[in-house]
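Asker: Pasting a structure here, questions to come.
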Amino acid sequence: MVHTPFSPTVPQSGQLLQRSRVRFPSSWEENVFVYDLVNSCVPGIPADIWIGLHDHRQEGQFEWTDGSSHDYSYWDGSQPDDGVYAEPEEEDCVQIWYRPTSAPRSWNDNSCGRKFPFVCKIASLTIH
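In case it helps, my numbering puts the sequence shown at residues 174 to 301.
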């Protein structure tokens, strides 16, 4: 698990795992799994985590780090809001967050410069 600012190329260029991608989640079950996995490893208050979704290329058009579109989302109430209450108003990366007033494990767009853990998904290995 890594705590880092998010960039769509961090895992790929950083060579964390050559076959891995930050591309989570594609279902409610994966959403719960990845959030609970990170928070089982991080003591204290629940940790917000990057999930690999962003709208760097076109505002409001979210895509995964590999450029593919998403077909599952779990945005919190008024999200995504592109940081209308933040300075500067630029939130292009998506996190699963915990807030007492939010739906559990819901999504928020945030500044990509924030440091949160993330999980890489890797294709299953074939053993011959």
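Cβ coordinates follow ideal geometry from the N, Cα and C atoms, glycine included.
Please report the straight-line C-alpha distance between S284 and S297, rounded to a whole angstrom.
Answerer: So the two alpha carbons sit approximately 32 Å from each other.
Asker: Between P277 and D228, what straight-line distance do the alpha-carbon atoms span, to the nearest angstrom?
Answerer: Looking at the two C-alpha atoms, the distance is approximately 23 Å.
Asker: Under a three-way DSSP split, which group does S284 fall into?
Answerer: Coil.
Asker: Use the C-beta contact count for S279: other C-beta atoms within 10 angstroms, 16 or more gives buried, fewer gives exposed.
Answerer: Buried: at least 16 other Cβ atoms inside 10 Å.
Asker: CA-CA distance, P302 and Q231?
Answerer: As displayed, the chain neither begins before 174 nor continues past 301, which places residue 302 out of reach and without an answer.
Asker: So what's V210 in DSSP terms, helix, strand or just coil?
Answerer: Rather than Val, the amino acid found at residue 210 in this sequence is Leu. The answer is helix: DSSP assigns L210 an H, G or I state.
Asker: What does the Cβ neighbour count give for G225, buried or exposed, with the cut at 16 atoms within 10 Å?
Answerer: With 16 or more other Cβ atoms within 10 Å, it is buried.
Asker: Ignore the nearest five residues each way along the sequence and tell me which others in S242's own chain have a CB closer than 7 Å to its CB.
Answerer: Taken in chain order, the residues that qualify are E236.
Asker: Name, in chain order, the residues that DSSP records as bridge partners for V215.
Answerer: Bridge partners of V215: none, in fact.
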